[in-house]
Structure formats: structure tokens, C-alpha cells
Amino acid sequence: MTLTLATQRLLAGLDHGPAPQLTADGLVDLVEASGLTGRGGAGFPTARKIRSIGRGPVVVGNAMESEFLSHKDALLLRSAPGLVLDGLEILAVALRARRTLLAVGHRIDPGPVREQVAVRRSPVEVRHLDGGFVAGQESALVNRLDGRPGLPGDPLVPVRKRGVDGRPTLVVNAETLAQLALLARYGADWFRSVGTPEDPGTFLVSLTGSSREVVPRPGVVEVARGTPLRDVLASAGTPLPRARAVLVGGYHGTWLPLAALDAPLSREGLAPYGATPGAGVVHVLDRRACPLRTSADVASYLARESAGQCGPCVNGLPRMADTLARLAVPGADPRLAPEVQRLQALVRGRGACAHPDGTAHFVASTMRVFAGHVEAHLRGECHALGRSA
Amino acid sequence: MSPGPQRLHVDWTRCDGHGSCAELLPELLALDDWGFPVSRTGEREPAVPAALEGHARRAQKACPLLALRLISAGTRAP
Numbered sequence: 000m001t002l003t004l005a006t007q008r009l010l011a012g013l014d015h016g017p018a019p020q021l022t023a024d025g026l027v028d029l030v031e032a033s034g035l036t037g038r039g040g041a042g043f044p045t046a047r048k049i050r051s052i053g054r055g056p057v058v059v060g061n062a063m064e065s066e067f068l069s070h071k072d073a074l075l076l077r078s079a080p081g082l083v084l085d086g087l088e089i090l091a092v093a094l095r096a097r098r099t100l101l102a103v104g105h106r107i108d109p110g111p112v113r114e115q116v117a118v119r120r121s122p123v124e125v126r127h128l129d130g131g132f133v134a135g136q137e138s139a140l141v142n143r144l145d146g147r148p149g150l151p152g153d154p155l156v157p158v159r160k161r162g163v164d165g166r167p168t169l170v171v172n173a174e175t176l177a178q179l180a181l182l183a184r185y186g187a188d189w190f191r192s193v194g195t196p197e198d199p200g201t202f203l204v205s206l207t208g209s210s211r212e213v214v215p216r217p218g219v220v221e222v223a224r225g226t227p228l229r230d231v232l233a234s235a236g237t238p239l240p241r242a243r244a245v246l247v248g249g250y251h252g253t254w255l256p257l258a259a260l261d262a263p264l265s266r267e268g269l270a271p272y273g274a275t276p277g278a279g280v281v282h283v284l285d286r287r288a289c290p291l292r293t294s295a296d297v298a299s300y301l302a303r304e305s306a307g308q309c310g311p312c313v314n315g316l317p318r319m320a321d322t323l324a325r326l327a328v329p330g331a332d333p334r335l336a337p338e339v340q341r342l343q344a345l346v347r348g349r350g351a352c353a354h355p356d357g358t359a360h361f362v363a364s365t366m367r368v369f370a371g372h373v374e375a376h377l378r379g380e381c382h383a384l385g386r387s388a
Numbered sequence: 000m001s002p003g004p005q006r007l008h009v010d011w012t013r014c015d016g017h018g019s020c021a022e023l024l025p026e027l028l029a030l031d032d033w034g035f036p037v038s039r040t041g042e043r044e045p046a047v048p049a050a051l052e053g054h055a056r057r058a059q060k061a062c063p064l065l066a067l068r069l070i071s072a073g074t075r076a077p
């Protein structure tokens with residue numbers, strides 16, 4: 000379901016006409032002037048990413064949407080597949096790409112975009128791929144597209160140097176491609192006319208709740224960067240007294256307490272909370288759910304989603320999730336709280352991809368934002384469960 | 000040609016927790032709960048002081064899976 004809140008660009012449903020062709024210099028200048036950043040999660044400046052790519056590259060559109068709570072790429076490929084293709088073709092022409100691919104995740108219907116490819120005889124190769132939480136990670140995706148198992152590779156050889164077919168490879172999120180398609184038509188000033196000066200443009204927010212009561216109208220909404228979190232929740236009909244906290248950025252993201260509802264959804268607006276807009280996930284936690292139980296379930300899911308390749312992730316994530324789950328039982332051993340902290344610090348920076356770091360970040364955020372709830376559990380209480388041991 | 004300052008890089012896709020690196024280079028590496036190396040300096044890729052370079056090279060050679068590498072300080076993993 001699509002929500003309506005203010006700024007419709009990607010989701011306006013307009014026929015924008017043919018996309019312009021740009022030279023490599025023209026492309027970099029335009030993207031630089033626009034301030035566009037990657038909408039897939041990491042938020043890296045797109046101009047810098049394009050500039051770092053060597054000659055004769057492979058361009059890959061990333062619509063794996065591996066983030067469980069994200070639904071934006073699915074919506075884009077259903078309602079505006081032409082914009083995603085435009086973005087890919089603009090990059091392919093400007094960079095004289097050897098090949099151009101679009102990786103579509105298993106939760107997404109590749110039908111509409113394949114139809115578009117056929118109609119316009121696009122050179123874009125559409126691949127419909129399965130895979131879990133880390134399947135959309137750049138090097139895992141490149142390995143998969145090259146016919147190897149979809150596992151992350153050692154970051155010492157980044158895909159921008161050696162990726163698909165051993166060539167320099169530019170991997171760009173589907174939403175970023177669609178943003179580029181409009182930017183190329185309407186220019187940097189238009190792009191910057193919404194959002195904040197530091198973080199311009201719009202982005203797609205996937206809004207969900209832990210219950211139907213706390214988010215009565217879940218869906219994807221396009222808003223200006225910098226839109227207060229409160230306004231986004233209002234658009235979904237969230238009764239604020241029912242909410243306890245909001246997870247921003249996804250399962251590798253950050254819990255925001257209700258006191259942070261006026262935080263602008265932009266990089267600088269979320270920075271004081273240690274959060275980023277990430278891939279645009281906003282997930283509201285019902286007051287009636289135990290935040291530690293919910294977070295332990297997420298941590299367990301993330302532990303199961305390890306690619307199973309790197310020792311600290313394979314061993315550390317299950318132990319961390321299990322320790323958090325034990326802490327989520329009222330009357331838990333008080334030594335479990337520092338043990339969770341030790342484990343989240345232990346796994347950081349120790350994997351080929353960011354999965355251990357992202358999971359540790361989420362767990363650290365849980366311990367910080369729900370510190371009062373941890374103390375209650377140690378006293379044998381849980382106000383969410385309404386019982387004491 | 001002097002290789003310049005070096006850092007230790009663990010290729011986690013190869014490392015299987017053999018543990019010889021921490022044995023040969025205890026100043027920079029410890030082992031975690033499961034026997035995988037963990038940096039003692041807090042850096043993701045600990046810098047190798049000149050005095051320890053010989054030990055670091057020995058640790059690199061001792062890794063049966065070629066998971067430990069000495070890299071020049073400029074080539075930072077993204």
C-alpha cells in the first residue's frame with residue numbers, strides 16, 4: 000500500500016519521457032551538484048562512488064532488498080520500473096559500461112521491469128536471485144552474478160576494482176538509480192528544492208509496526224529528507240501513546256526513544272542518536288511488546304542470516320543473540336548485561352562484510368535505549384508483560 | 000625500496016581459527032572465545048611497529064590458510 004504524504008517524485012506515477020544521455024564528466028558534475036547519496040543503506044555520496052570506478056566497468060543495479068523490513072525496491076519495480084532502468088542506462092552510457100545488470104531479490108516480482116526491458120530493447124540483463132540478509136551486500140552480489148556462491152568477499156579487493164567478470168564494478172541501489180533518472184531530467188537545483196542543504200532530495204520510507212494497532216496503515220511513503228519522524232508516523236495513523244520506540248534504518252539500525260520523535264530523518268538530524276536513515280526503514284515498537292524480547296528475536300534472526308563464512312560472525316552472533324534472549328527473561332542473571340556488551344564489542348570489525356558490525360550496532364542500541372527496561376528485568380519485572388517474577 | 004609502515008589484515012573468509020598468529024604475535028593479536036584472532040590495539044587492522052615486523056612476517060608465513068596479510072598502511076579496506 001502506498002501512503003500519501005507530501006513529496007511525490009519517484010512515486011508520482013508521471014510519464015517523464017525519454018531520459019537524457021550524459022557524458023561521464025557531465026554525469027559526475029550533475030550528481031556532485033545534487034548531493035545525491037546512496038539510498039541502499041550506507042548513504043555514500045553517489046558522485047564519489049561513480050568517480051572511483053575504473054574504465055570499462057560493469058554497472059549493477061541492486062534491487063535485492065535483503066533488508067527484511069524494507070519494501071521500497073519492490074514498490075519501485077512495480078510502479079516505476081522505467082525509472083530504475085533509466086538510471087542504469089544513464090550510467091551505462093556515460094561510463095561506457097561493458098555490461099549492465101539488474102539484480103532483483105526473490106521477494107520482488109521481476110515481471111514489470113522485464114517487460115520494460117523488452118519494450119525498449121534495453122541492454123540491461125535482469126537477474127532474479129534468491130538469498131538472505133547479506134545477499135545484497137556488494138561483494139556477495141558480485142560473486143553471485145559471476146556464478147560463484149553469494150558470499151561476501153575479502154574487502155581488501157573491493158568490487159569497484161575487481162567485480163563482475165573481473166572488471167571494475169559499480170553497484171547502485173534501485174532507488175538511487177530512480178533518483179538519478181529524475182535528476183538527469185530536471186537538474187540539481189530541482190533535486191535540492193526539497194530536503195535539507197546537507198542531505199537533499201526525497202527518499203522512500205518503509206513503515207511497519209510490531210502490531211497492527213501501533214501502525215494501522217503500514218506501507219511505503221516518499222518524503223523529503225529531514226522530515227520529522229513524528230510526521231511519518233502520523234501518516235500511518237500511529238497512536239503515539241501506544242508506541243514505545245522506533246527502529247530507524249533497519250535490523251542493522253538504531254532504536255530511537257519516543258523523546259526523539261522530532262528528529263529529522265536526515266543524516267545530520269539522526270546523527271545525535273547514533274542513527275542514519277539507512278535504507279529508509281522505520282519500524283514502530285508497540286508498548287505492549289517487551290523491547291528486549293523483540294530485540295533478542297531480531298538478533299537471533301540476524302545470527303541465523305550470517306553467511307556462515309567468518310568465524311567471529313558464525314560464533315559471536317548466536318552467542319550474543321542467546322545472551323540477549325536470556326536477559327529478556329525477567330529475573331535474569333545480572334552478569335548477562337555486561338556479557339552482552341562484551342560480545343557486541345568483540346565481534347565488531349571482524350568480518351568480510353558489515354553483518355557483525357551492523358548486528359552489534361543494533362544490540363548496543365538496544366542496551367542503550369532500553370537500559371531502564373534492562374534494570375527492570377534484573378529486578379524481575381517487565382512492564383510490557385505486566386508481571387514480576 | 001622500503002615497504003613503509005605495515006598493518007595486519009585478516010582475511011576472514013579464509014581464517015579458520017588455527018591460532019598460530021596470536022601465538023607468534025601476542026603483542027598485537029589475542030584469541031577470542033572461539034580461537035579466532037582479535038586485535039589488541041582496538042584497530043580493525045593493527046599497525047605493526049617496526050620492532051615487530053619480523054614477528055609479523057613469521058606469523059603471516061605460519062598461517063596455514065594464508066589468511067593473515069601484511070599490507071602497506073595506505074591500502075585501507077573500504
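Chains as they are written, first to last, in numbering that gives the first Met the number 0: chain A, 0 to 388; chain B, 0 to 77.
By construction, the Cβ of each residue, glycine as well, lies at the ideal position given by its N, Cα and C atoms.
If you check each beta-carbon in the region 7-27 of chain B against every beta-carbon of chain A, the ones closer than 9 Å belong to H8, V9, D10, W11, T12, R13, C14, D15, G16. In this structure, the beta-carbon distance from L260 of chain A to R224 of chain A does not fall below 9 Å. In this chain, the beta strand (DSSP E) harbouring H282 of chain A covers 280-285. Listed in chain order, the alpha helix (DSSP H) runs fully inside the region 290-345 of chain A are 290-303, 310-326, counting runs of at least 4 residues. For A134 of chain A, no CB of chain B lies under 9 Å from its own CB, so it is not counted at the interface with that chain.
Interface with chain B (9 Å Cβ-Cβ cutoff): N314 of chain A is included. Q5 of chain B sits in a strand when the DSSP states are folded into three classes. Taking a 10 Å sphere around the C-beta of R303 of chain A, we find fewer than 16 other C-beta atoms and assign the residue as exposed. Counting the other Cβ atoms within 10 Å of the Cβ of E88 of chain A gives 16 or more, which makes it buried. When beta bridges are read from the DSSP output, L84 of chain A appears opposite no residue.
Legend: CB atoms of the region 334-355 of chain A lying less than 7 Å from CB atoms of chain B belong to residues L345, G348, R349, G350, A351.
With fewer than 16 other CB atoms across the displayed protein chains lying within 10 angstroms of its CB, W33 of chain B is exposed.
Per the DSSP secondary-structure output, E221 of chain A pairs in a beta bridge with A:L203.
A distance below 8 Å between beta-carbons, with the five flanking residues on each side excluded, links P63 of chain B to the following residues of its chain, in chain order: H17, S19.
Taken in chain order, the members of the region 39-55 of chain B whose beta-carbon sits within less than 7 Å of a beta-carbon on chain A are R43. The beta carbons of A359 of chain A and Q343 of chain A sit closer together than 9 Å.
Taking the Cα positions, L23 of chain B is about 38 Å away from Y250 of chain A. In the three-state reduction of the DSSP assignment, W189 of chain A falls in the helix class, which pools H, G and I. Contact between the region 81-101 of chain A and the region 57-71 of chain A is established, with three or more Cβ pairs separated by less than 8 Å.
Cβ contact annotation for A134 of chain A (same chain, cutoff 8 Å, sequence separation greater than five): M63, S65, G104, L128, L140, R143, G149, in chain order. Secondary structure of I52 of chain A (DSSP, three-state): coil. Between L284 of chain A and the set A:S294, A:C309, A:T275, A:G277, the nearest pair of CA atoms involves A:S294. Exposed is the label assigned to V156 of chain A, since fewer than 16 other Cβ atoms lie within 10 Å of its Cβ. At a cut-off of 9 Å between beta carbons, D153 of chain A contacts chain B.
Closest in C-alpha terms to R266 of chain A, from the list A:G16, A:G40, A:P17, comes A:G40. Counting the other CB atoms within 10 Å of its CB gives R6 of chain B a total of 16 or more, which places it among the buried residues. Here DSSP, grouped into helix, strand and coil, assigns I70 of chain B to strand. For the options A:L181, A:D14, A:N172, A:R8, the alpha carbon positioned closest to that of P44 of chain A is the one of A:N172. Using a CB distance cut-off of 9 Å, P311 of chain A counts as an interface residue toward chain B. Secondary structure note for T365 of chain A: its alpha helix (DSSP H) is the uninterrupted segment 354-368.
Taking the C-beta atoms as reference points, S33 of chain A is found nearer than 9 Å to L182 of chain A. Annotation for S69 of chain A: no beta strand (DSSP E) segment contains it, and DSSP assigns it neither H nor E. For E197 of chain A, there is no enclosing beta strand (DSSP E), as DSSP gives it neither H nor E.
A11 of chain A and D31 of chain B have their C-alpha atoms some 52 Å from each other.
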